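Engineer:
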Amino acid sequence: MESYQARKVEEKWQKKWLDGDVYKVNLDDSAEKYYNLVMFPYPSGDRLHIGHWYNYGPADSWGRYMKMQGKNVFQPMGYDSFGLPAENYAIKTGVHPSESIETNTAKMTDQMSKIGAMWNWEQSVKTSDPSYYKWTQWVFLELFKNDLAYKKKAPVNWCPSCKTVLANEQVQNGSCERCKSEVTKRDLNQWFFKISDYAEKLLDHDGLDWPAKTVTMQKNWIGRSEGCNIHFPMEEGEDLLSCYTTRPDTIYSVTFIVMAPEHPLVDEFVKGTKYEAEVEKVRKEISKQSIIERTSEGGKNKLGAFLGKYAINPVNGRKLPVYIANFALMYGTGIVMADAHDQRDFEFANKYDIPLEFVISEDGSVIKPEDFKGAYTGDGILFNSGGFNGMNNREALPKIVEFLQNSGNGEATINYKLRDWLISRQRYWGAPIPVVYDPEGNAHPVPEEHLPWVLPTDVDFKPTGESPIANSKELVERTEKIFGKGWRPEVDTMDTFMCSSWYYLRYLSSGDEGKAFDKEVMKKWMPVDMYIGGPEHACMHLLYARFVNMALHDLGHIDFKEPFKKLVHQGMVTKDGAKMSKSKGNVVSPDSFVEKYGSDVFRMYLMFMGPFTAGGDWNDKGITGIARFVDKFWKMVCTENEVKDEKAFITAIHKLIKKMTRDMDNMHYNTVIAAMMEFLNLIPKIGMDEGSKKVLARLMEPIAPHLAEECWEKLGCKGSIFEAGWPEYDEALTVDATVRLGVQINGKVRGDIELAKDASEDEAVAAAKAVENVMKYLVEGEIIKVIYVPGRILGFVIKPN
RNA sequence: GCCCAGAUGGCGGAAUUGGUAGACGCGCCAGACUCAAAAUCUGGUUCCCGCAAGGGAGUGAGGGUUCAAUUCCCUCUCUGGGCACCA
């Protein structure tokens, strides 16, 4: 018998699928909709790597499983084609990105079709197409017009290698998320989105079926903290220093104040005084510190300077010297009350000889900082705290807030770590920010009729740190022609995360150039039912997309708040337990394996390696097991066979459907495949029924689509396998007539017995006593307890004689 | 430092609500076919003792609850991920 010819078969079906309309979607179909979305790739010139396959293969299997259940599945695919990868590739090869994007996406589309996935290419998008970024610009303008976008001069993250600014989310451990270079700070005039306005809404994940870990990561990133602003009057003058604290219970211990070096009041305080020179010097030193030095690692090196001013503690009148300090950030109010109950303050005070006082101790007895090596950060009983003496500090906390509030010296406040989203980029290959400036320098939106506000081509796109399109004559001429002499265009482009924050809506427009998206179609199709992609996007893309979606909702454009109902992250494929990387030289390239075994086998082996969300370890030889299985399956279909044991066969097939259904529901593809293997191993014993071959083919459809179709055809079936759908099982038929169960004596297995599934305890005990090895132990003592769990276990507890 | 996830044979990994640990696959061993090899097929394969029947140990380490623990509780070690001077 001929072995399964994977390549020939797959080529045949891929052609049929591309030419036919089985996989085309009718968005108006009345069947239950299912929006199955995978994070789209950026197009590179390279072949698909194993990560692509691990993402797209199993995701397609999920879509097929939904389609087998009769749902109208929408499974689009497109390209995140603006951005650094495409631009860097263009710089390297000298080919203009707009050209390389065309060739690379065409190549990639071809490869992705060879996975044998049912992508809806008719609804594809490319974020760098003017017909797409026209609407990205429209979204920007909607935010701008509604006060959710603004331009501001601020110290921002700068990547010296990428020569552009980065959003906070793109800085990881002080390094650029993309190129790993160390990020520095620069004062620049940049565009921001007010994502911080949405902090509270973004914290709410109710109704979302997301991994708990991702939700936690977003919550930590947003960083809500409840505290209190306390106002300290200056010794001289009218200024009030407002300090944010989560520990108002330590207010009586405050002995000094620290301010962020960037705080605008610092200049006011030292200008023209004898402290100015020293403060300037220290500030310069701090500004030279990298983010890492100033934050995590620099924790040991406290640095600051006295401003020559004093504030007054409103609760006890103490005179508090005011300092700048490197550890004080522009978070909260940028001013911090400092005391001996905080480790950082404690270290700073020791370095600069500032007095310290405790107000909390374990039992309320008076303790002195001089007797301690570090801060007292624990809880306890208050002392030297006016009317709050003797109280537990945590119980006193709300009362102190109330006291401050009543005396006008403070109020409860909530702070978030989430900062506004910086979207300007000083790079060429991105959507131009659709803003122009009048001769006075005021920003104006480019009216919608002039969208797309196209990216000029008459520039050198190599990054210099200045925006490349600043040198475009065409852009300036265009601006002056439309708006008048002296008007100037914005020359920064948008963060590509902006492009990808709404693409799932654009897919549903079917490329309509007249509007961003179709309200009616969206009403039916959104939110996305299943979103599959890497966990690295937890605090970037997934946060931005939720924000943009919520903003569009609040502006009345769409009627759903959350874009992604269910989210799943695929795991990582490793080689010998290690991350694959070019530098380690342990990268597995899919091509040769796909060439040799076919796409079904390759996809199935990836799914077989481990649970989808956990990933797995690639083994060059392991894939042969799947190849053998596919061949075995094909031969089983081609061989005439008959059932040898009717009862056992029926039970086995119903059990198989049940197990595969349950494991498919949970994306446990590894055990789905194992179940089918087990069934095939059973056939020599129980036989195989001709009619049931069709059932097996249907079960294989999601995980090995080419093979399934070929078998379907071979078995003489007409029409799409999807019309037959996913097989159903009868629960009553999944139960074996007899069960084998272990017999335990004092917790140790001493034998096993075969019983009718509903055997009584007496029958079970009788059967057990017939087992010689069981009896051997039973006679050694007196049975004091029998545990019988039908179908599971029979246990004896005996007391030795 | 804080938070989360995990640790099971030579390897990847299975194990409904606590109920015969090691499914399935790789690898390995033996056999069949072959002049031979590959491919394929059959059997075996957690470790230790034993010809076998069987016994002992065993799911990162140590304790606990239970007739029974990979599963529940406590302590610890290691690995991966995230956050990190956020007052």
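Numbering (our numbering), first residue to last: -1 to 799. Every residue, glycine too, gets a C-beta built ideally from N, C-alpha and C. No experiment lies behind these values; they were computed from the predicted model shown.
Report the three-state DSSP secondary structure of residue 430 (helix, strand or coil).
Structural biologist: Under the three-state reduction of DSSP output, residue 430 falls in the strand class.
Engineer: If residue 615 sits next to residue 583, beta carbons under 8 Å apart, how far is it from one beta carbon to the other, in whole angstroms?
Structural biologist: Between residue 583 and residue 615 the Cβ distance is about 17 Å, and since that is not below 8 Å, they are no contact.
Engineer: Apply the 10 Å Cβ neighbour rule to residue 27 and answer buried if 16 or more other Cβ atoms are within range, or exposed otherwise.
Structural biologist: exposed
Engineer: Leaving out the 5 sequence neighbours to the left and right, which residues in its chain are closer than 7 Å to residue 295 when beta-carbon positions are compared?
Structural biologist: Bear in mind that the predicted position of residue 295 carries a pLDDT of just 47, short of 50, making it unreliable; the figure below should be weighed with that in mind. Nothing listed; no residue qualifies.
Engineer: Taking just the CA atoms, how far does residue 705 sit from residue 617?
Structural biologist: 23 Å
Engineer: Alpha carbon to alpha carbon, what distance is there between residue 263 and residue 251?
Structural biologist: 24 Å
Engineer: List, from N- to C-terminal side, the alpha helix (DSSP H) runs of 4 residues or more that fit wholly inside the segment 39 to 111.
Structural biologist: Counting only runs of 4+ residues, the alpha helix (DSSP H) found wholly inside the segment 39 to 111 occupies 48 to 66, 82 to 91, in chain order.
Engineer: Could you tell me the alpha carbon to alpha carbon distance between residue 686 and residue 577, rounded to whole angstroms?
Structural biologist: 43 Å
Engineer: Rounded to the nearest angstrom, what separates residue 612 and residue 568 at their Cα positions?
Structural biologist: 7 Å
Engineer: Looking at the secondary structure, which residues open and close the beta strand (DSSP E) in which residue 343 lies?
Structural biologist: Not the beta strand (DSSP E): residue 343 falls in the alpha helix (DSSP H), residues 341 to 349.
Engineer: Could you give the distance in angstroms between the alpha-carbon of residue 375 and the alpha-carbon of residue 786?
Structural biologist: 55 Å
Engineer: Among 435, 272, 456, 245, whose alpha-carbon lies nearest the alpha-carbon of residue 227?
Structural biologist: 245
Engineer: Under a three-way DSSP split, which group does residue 447 fall into?
Structural biologist: helix
Engineer: Kindly list the residues whose CB is nearer than 6 Å to the CB of residue 70, restricted to its own chain and excluding five residues on each side of it in sequence; keep chain order.
Structural biologist: 27, 29, 31
Engineer: In angstroms with no decimal places, state the Cα-to-Cα distance between residue 625 and residue 670.
Structural biologist: 16 Å
Engineer: Buried or exposed: residue 94, going by 16 or more other Cβ atoms within 10 Å of its Cβ?
Structural biologist: exposed
Engineer: For my contact list, residue 336 and residue 256 are in at a C-beta cut-off of 8 Å; report their separation, rounded to the angstrom.
Structural biologist: Going by Cβ atoms, the distance from residue 336 to residue 256 rounds to 5 Å, so yes, they are a contact pair.
Engineer: If you follow the beta strand (DSSP E) that residue 31 is part of, which residue opens it and which one closes it?
Structural biologist: 31 to 36
Engineer: I'd like to confirm the pairing. Which residues does DSSP put opposite residue 230 in its beta bridges?
Structural biologist: 239
Engineer: What are the start and end residues of the beta strand (DSSP E) that includes residue 156?
Structural biologist: 147 to 157
Engineer: Would you grab the beta carbon distance between residue 78 and residue 497 for me? Rounded to a whole angstrom, and I think it's under 8 Å.
Structural biologist: 7 Å
Engineer: Would you kindly work out how many angstroms separate the C-alpha atoms of residue 339 and residue 380, rounded to a whole number?
Structural biologist: 12 Å
Engineer: Alpha carbons only, please: which of 130, 13, 738, 16 is nearest the one belonging to residue 511?
Structural biologist: 130
Engineer: Count the other C-beta atoms from every protein chain shown that fall within 10 angstroms of the C-beta of residue 403, then say buried if there are 16 or more, exposed otherwise.
Structural biologist: A residue is called buried when at least 16 other Cβ atoms come within 10 angstroms of its Cβ; residue 403 does not meet this threshold and is exposed.
Engineer: Among residues of its own chain, excluding the 5 on either side of residue 87, which ones have a beta-carbon nearer than 7 Å to its beta-carbon?
Structural biologist: 42, 43, 98
Engineer: Whose CA, out of 530, 774, 654, 65, lies closest to the CA of residue 54?
Structural biologist: 530
Engineer: Where residue 115 and residue 701 are concerned, what is the direct C-alpha to C-alpha distance, given to the nearest angstrom?
Structural biologist: So the two alpha carbons sit approximately 11 Å from each other.
Engineer: What residue does the alpha helix (DSSP H) around residue 20 start on, and which one ends it?
Structural biologist: No alpha helix (DSSP H) contains residue 20, which DSSP labels as neither H nor E.
Engineer: What is the residue span of the alpha helix (DSSP H) that residue 544 lies within?
Structural biologist: 539 to 552
Engineer: So, is residue 597 buried or exposed, given that buried needs 16 or more other C-beta atoms within 10 angstroms?
Structural biologist: buried
Engineer: Among residues of its own chain, excluding the 5 on either side of residue 737, which ones have a beta-carbon nearer than 7 Å to its beta-carbon?
Structural biologist: 753, 755, 789
Engineer: Using the three-state DSSP reduction, which class does residue 790 fall into: helix, strand or coil?
Structural biologist: coil
Engineer: Report the residue ranges of all beta strand (DSSP E) runs contained in full by the segment 698 to 784; include only those spanning at least 3 residues, in chain order.
Structural biologist: 736 to 743, 746 to 754
Engineer: Spatial neighbours of residue 727 within its chain, please: CB distance less than 6 Å, with the 5 preceding and 5 following residues excluded, ordered by chain position.
Structural biologist: 652, 655, 656
Engineer: In this structure, how does DSSP classify residue 508 when only helix, strand and coil are distinguished?
Structural biologist: coil
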